[in-house]
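Colleague: Would you mind keeping the following structure in view while I ask a few things?
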Amino acid sequence: MTQPVLAKQSFLLALLSGLQALMPTLVAIATLYATITFSGTRFDPSSAAVVIATVLCLILVQPPREVTSQLTSERVSAVVDVVFRWLLLLVVLLAVGYITKTLEAMPRRIFLTWAVVTPVFLSVVTLAMQEMMRRFLMSVFDNRSAVIAGYNNSSLELARRLQDNPAMRLSVSGFFDDRSADRLGMEAGTKLVGNLGDVAAYAKENGTDVIFIALPIRHVKRVMNLLDDLRDTTASIYYVPDIFVFDLIQARSGEIQGIPVVAMCETPFYGYRGVTKRLTDVAISIVVLLLLLPLLALIAVMVKLSSPGPIIFKQRRYGLDGAEIAVYKFRTMRVTEDGPQIKQATRTDNRITPIGGLLRRSSMDELPQLINVLQGRMSLVGPRPHAVAHNEEYRKLIKGYMVRHKVLPGITGLAQVNGCRGETTQLQEMEARVNYDLDYLRRWSPMLDLKIILLTIVKVFRDEKAY
1 MTQPVLAKQS FLLALLSGLQ ALMPTLVAIA TLYATITFSG TRFDPSSAAV
51 VIATVLCLIL VQPPREVTSQ LTSERVSAVV DVVFRWLLLL VVLLAVGYIT
101 KTLEAMPRRI FLTWAVVTPV FLSVVTLAMQ EMMRRFLMSV FDNRSAVIAG
151 YNNSSLELAR RLQDNPAMRL SVSGFFDDRS ADRLGMEAGT KLVGNLGDVA
201 AYAKENGTDV IFIALPIRHV KRVMNLLDDL RDTTASIYYV PDIFVFDLIQ
251 ARSGEIQGIP VVAMCETPFY GYRGVTKRLT DVAISIVVLL LLLPLLALIA
301 VMVKLSSPGP IIFKQRRYGL DGAEIAVYKF RTMRVTEDGP QIKQATRTDN
351 RITPIGGLLR RSSMDELPQL INVLQGRMSL VGPRPHAVAH NEEYRKLIKG
401 YMVRHKVLPG ITGLAQVNGC RGETTQLQEM EARVNYDLDY LRRWSPMLDL
451 KIILLTIVKV FRDEKAY
């Protein structure tokens, strides 16, 4: 999408882009051959395992293709992305190898060495190629000029971001709008060049490269007239919808059978993102359950001896897309409420058993939810699921409350590590929790999940709201 805006096409650019796309695969296969050679182990490098690894590299270990990413992405972010994609490749390769038995012929020492060494070389080569591409784009292509038809929040933010990122090589000469500068309340540093009817003449006279049309959707007729006027120019033309009018979650453009569509509220876990999220959940849950098995058994015995009732408390809560699920917890109370009205636990709640208080303060009562994660009903990180009774209450009071159910509920979440947990005595407290949940949907990335997990571990033993 952004490549024709930022850089004109050239054979050398296409050649570099193709080389950049192939480089991760070439590096991975080269390190595999080197590992086989130096190990002194007899192994056929043309085996099915090598073929599968090559195909997976071509599919999974690809650098970003957008010119924007080449010019503005940080080195740390690029390395994290490479390592993450490499780990995903290893997981898929192990799964395919287990099913097809193709990895049995590869010595374990070769596989482990290759798995550890390759991401180091991948990171170095990725950074080198990114720097090469950046320098090429910066040296070969001149700055391109742009103007914006329409002054609003979206066009102003676009101009700001272009100005703040000189590596984008796109400078905005000014804005065109039929309203006066005083009426628009234009910010300092912005320039009103003329009316909308002057755009075409200005573009032809000044050789403008790119024109952004940022008129509101309701002004369709004006947009069509402007497009007609611009047919006599060679400028690239892009429409910028006023997205700040909407509260967008995971907005992205696409097409359905050739018809352009814009996602305005969608789950972040589509395509490989969903696969990555699920594989991470399963892998970490299995490891934690195996490590904590003795502790889980001890807690089960203590809960059973503490008071009459089941060891595991099951409560109906809302899961993905608002479907009811049964969430597991170690029982911490003398009651097992799951009706149309549920009283939240308070700091001096006499329903909580002595062992229950310890479990709740340390959040160990939530550990059985790792089973929910393996069942696919929950995730390690996501909006905390609320009891059905609380959901029915708050969905009527808080705008956007049910949007948090676009993803699997989590054992921990962004709201919890920011102090929004425990009893909600006021509506504003639940609103703050929901706002964090929606922000998680907007900002999700594997690194955000990792950050939340680490913060949860740090905060779990010193959270004053855990009771």
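Quick note on numbering: this note's numbering labels position 42 of the sequence shown as 42, and the sequence is numbered without any gaps. Using N, Cα and C, we set each Cβ at its ideal position, and we do this for glycine too.
Run through DSSP, which three-state label would residue 30 get?
Modeller: Numbered from 1 along the sequence shown, position 30 holds the residue referred to as residue 30. Residue 30: helix per DSSP, three-state reduction.
Colleague: Report the start-end ranges of each alpha helix (DSSP H) in the segment 370–449 that is 4 residues or longer and not cut off at the edges.
Modeller: 388–394, 414–417 and 427–443
Colleague: Hey, out of 427, 410, 119 and 57, whose CA is closest to residue 397's CA?
Modeller: Numbered from its first residue, the sequence shown carries residue 397 at position 397. For the residues 427, 410, 119 and 57, the minimum Cα distance to residue 397 belongs to 427.
Colleague: By the DSSP assignment, the alpha helix (DSSP H) with residue 363 in it spans what residues?
Modeller: Position 363 of the sequence shown, counting from 1, holds the residue named residue 363. Where residue 363 is concerned, there is no enclosing alpha helix (DSSP H), given that its DSSP letter is neither H nor E.
Colleague: Confirm, please, whether the CB-CB distance from residue 150 to residue 211 is below 8 Å.
Modeller: Walking along the sequence shown from the start, residue 211 turns up at place 211. Walking along the sequence shown from the start, residue 150 turns up at place 150. The answer is no: Cβ separation not under 8 Å.
Colleague: Suppose you measure from the CA of residue 170 to the CA of residue 238; what does that come to, to the nearest Å?
Modeller: For this step, residue 170 is matched to residue 170 along the sequence shown. For this step, residue 238 is matched to residue 238 along the sequence shown. Going from the Cα of residue 170 to the Cα of residue 238 covers about 14 Å.
Colleague: Kindly indicate the opening and closing residues of the alpha helix (DSSP H) around residue 154.
Modeller: In the sequence shown, the residue the question calls residue 154 occupies position 154. Its alpha helix (DSSP H) spans residues 153–164.
Colleague: Express the C-alpha separation of residue 154 and residue 468 in angstroms, rounding to a whole number.
Modeller: Here the chain has residues from 1 to 467 only, and residue 468 is not among them.
Colleague: Just grab the DSSP bridge partners of residue 149 for me.
Modeller: Indexing the sequence shown from 1 puts residue 149 at position 149. Note: residue 149 sits in a beta bridge opposite 176 and 213.
Colleague: Could you tell me whether the segment 300–308 touches the segment 350–360, where touching means 3 or more Cβ pairs closer than 8 Å?
Modeller: yes
Colleague: Please identify the residue among 20, 106 and 202 whose C-alpha is closest to the C-alpha of residue 52.
Modeller: Translated into positions along the sequence shown, residue 52 becomes position 52. The option with the nearest alpha carbon to residue 52 is 106.
Colleague: Report the three-state DSSP secondary structure of residue 224 (helix, strand or coil).
Modeller: Indexing the sequence shown from 1 puts residue 224 at position 224. Helix, per DSSP.
Colleague: What does a CB cutoff of less than 8 Å around residue 143 pick up in its chain, not counting 5 residues either side in sequence?
Modeller: Residue 143 sits at position 143 when you count from the first residue of the sequence shown. Here the set comprises 169, 170 and 171.
Colleague: What's the gap between the Cα of residue 279 and the Cα of residue 95?
Modeller: Counted from its first residue, the sequence shown places residue 279 at position 279. Counted from its first residue, the sequence shown places residue 95 at position 95. Near 11 Å, if we compare the C-alpha coordinates of residue 95 and residue 279.
Colleague: For residue 324, which residues in the same chain have their Cβ closer than 6 Å to its Cβ, ignoring the five residues on either side in sequence?
Modeller: Within the sequence shown, residue 324 is the residue found at index 324, counting from 1. Closer than 6 Å at the Cβ level, and outside the excluded window around residue 324, lie 316.
Colleague: Can you tell me where the alpha helix (DSSP H) with residue 317 in it begins and where it stops?
Modeller: As a working note, residue 317 is residue 317 in the sequence shown. No alpha helix (DSSP H) contains residue 317, which is instead part of the beta strand (DSSP E) from 312–318.
Colleague: Within 10 angstroms of the Cβ of residue 67, are there 16 or more other Cβ atoms? Answer buried if so, exposed if not.
Modeller: For the purposes of this step, residue 67 is identified with residue 67 of the sequence shown, where counting begins at 1. Model confidence at residue 67 stands at a pLDDT of 49, short of 50, so the residue's coordinates are unreliable; what they give is reported in the following sentence. Looking at its Cβ environment, which holds 16 or more other Cβ atoms inside 10 Å, residue 67 is buried.
Colleague: Restricting to Cα atoms, I'd like to know which of 425, 188, 165 and 25 is closest to residue 175.
Modeller: Numbered from 1 along the sequence shown, position 175 holds the residue referred to as residue 175. Out of 425, 188, 165 and 25, 188 has the C-alpha closest to the C-alpha of residue 175.
Colleague: With distance defined between alpha-carbon atoms, name the residue in 192, 292, 148 and 130 nearest to residue 226.
Modeller: Residue mapping note: residue 226 aligns to position 226 of the sequence shown, counting from 1. It is 148.
Colleague: For residue 330, list the residues DSSP reports as bridge partners.
Modeller: Along the sequence shown, one-based indexing puts residue 330 at 330. Answer is 312, bridged to residue 330.
Colleague: Go ahead and pull the three-state DSSP assignment for residue 272.
Modeller: On the sequence shown, residue 272 is found 272 positions in, with the first residue counted as 1. Residue 272: helix per DSSP, three-state reduction.
Colleague: Within a Cβ cutoff of 7 Å, which residues of the same chain sit near residue 447, ignoring the five residues on either side of it in sequence?
Modeller: Start at 1 with the first residue of the sequence shown, and residue 447 comes out as number 447. If we look at residue 447 and ignore the five residues flanking it on each side, its Cβ neighbours are 80.
Colleague: Could you round the C-beta distance between residue 468 and residue 190 to whole angstroms and report it? I think they count as a contact, below 8 Å.
Modeller: With the chain covering only 1 through 467, there is no way to say anything about residue 468.
Colleague: Quick one: Cα of residue 236 to Cα of residue 91, how far?
Modeller: Looking up residue 236 in the sequence shown gives position 236. Looking up residue 91 in the sequence shown gives position 91. If you take the alpha carbons of residue 236 and residue 91, they lie about 43 Å apart.
Colleague: Under 8 Å: do the segment 449–460 and the segment 408–421 share three or more Cβ pairs, one atom per stretch?
Modeller: Yes, the segment 449–460 touches the segment 408–421.
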